[in-house]
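To keep things clear, I will list the structure first and then write my remarks on it.
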Amino acid sequence: MPEPLRLIVVGAAGRMGSRVCALASADRRFRLAGRVLRSTPARRLREIVCDADAIVDFSAPAASLACAQAAAAARKAIVIGTTGWTPSQRLRLKALSRRAPILLSPNFSFGVNILYLLAKTASRLLPDHEAGVAELHHSLKKDAPSGTALALAAALGRGKVPIVSQRLGDAVGEHTLTLAGPSERLELTHRAHSRDVFALGALEAALWLRGKRPGLYAMKDLLGLA
Ligand code: NAD
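Heads up, the sequence shown is in the numbering used here, so the first residue is 1 and it goes up one at a time.
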């Protein structure tokens, strides 16, 4: 077995970060080498990153960018699950990926990444059906529409697709694509039952990113769907 991957988790006290820490601690393929919290000073962040093989980040776009900057300076791999990016933040991340491997994904569930593929095929085969995306998340989620809903709409290759967002209760994440035509409606739905599906996907991504060349990667690269 290869040496355990020395992992730093950013946003470690959050809903996602705490599950990543728990699952990595219980898995011999990883050694949890550090937790980064909102209170962690920038200088300490740069030191911690130097001790890592890889970083997994579920925080907020500005914090993710600061971590990506530290990762790029130290040439360390970073997996980013944070959503809600502005176009200029995305451009800055893209520039940082020239110096280190970065895997950015709004959704680490394998099922959702297969859904994008099914959606693209269905949209191509039913070009005259009207398309719409609906998503449901817990009421504390900060961004709307979700990054996954935006990616699902983009996967259709149709330009602007209406997205309806609901923020209710403790829903982990549900996405439905509807293709509606005369006298019929096709619906493709993914439901996450637990945050562990995202945390486990992010950990697989960290292992996959080990030894990769600098660049901006996505889950479709890991899954061989690119
Ligand atoms: P959360 O609010 O529970 O956790 C975010 C954590 O980041 C908090 O503990 C906060 O203190 C911390 N944080 C904020 N600024 C920080 C900084 N500068 N340094 C270190 N930590 C900092 O939110 P969550 O539900 O865990 O979600 C986090 C992000 O991940 C959101 O953008 C969410 O949309 C996204 N998300 C992605 C996936 C995926 O599969 N890609 C799945 C679920 C959530």
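We put the CB at the ideal spot given by N, CA and C, even for glycine.
{"Query": "Taking contact to mean 3 or more Cβ pairs, one atom from each stretch, closer than 8 Å, check whether the region 150-160 and the region 98-118 are in contact.", "Result": "yes"}
{"Query": "Is there a C-beta anywhere in chain B that falls below 9 Å from the one on Gly159?", "Result": "No chain B appears in this structure, which consists of one protein chain only."}
{"Query": "Give the single residue among Ala202, Ala70, Asp143 whose Cα lies nearest to the Cα of Glu47.", "Result": "Ala70"}
{"Query": "Taking the straight line between their C-alpha atoms, what separation do you get for Val36 and Cys50?", "Result": "13 Å"}
{"Query": "With hydrogens ignored, establish whether the beta-carbon of Thr82 is closer than 8 Å to any heavy atom of the ligand NAD.", "Result": "yes"}
{"Query": "Could you tell me the distance, in whole angstroms, from the CA atom of Ala218 to the CA atom of Pro101?", "Result": "11 Å"}
{"Query": "By DSSP's criteria, His175 is part of a beta bridge. Which residues make up the other side?", "Result": "Glu135, His190"}
{"Query": "Pull up the DSSP beta-bridge partners for Pro101, would you.", "Result": "Gly215"}
{"Query": "Please state the DSSP three-state secondary structure of Phe30.", "Result": "strand"}
{"Query": "Just to check, is the beta-carbon of Phe110 closer than 8 Å to a non-hydrogen atom of the ligand NAD?", "Result": "no"}
{"Query": "Relative to the alpha-carbon of Leu5, which residue among Gly224, Thr176, Leu207, Lys120 has its alpha-carbon at the smallest distance?", "Result": "Leu207"}
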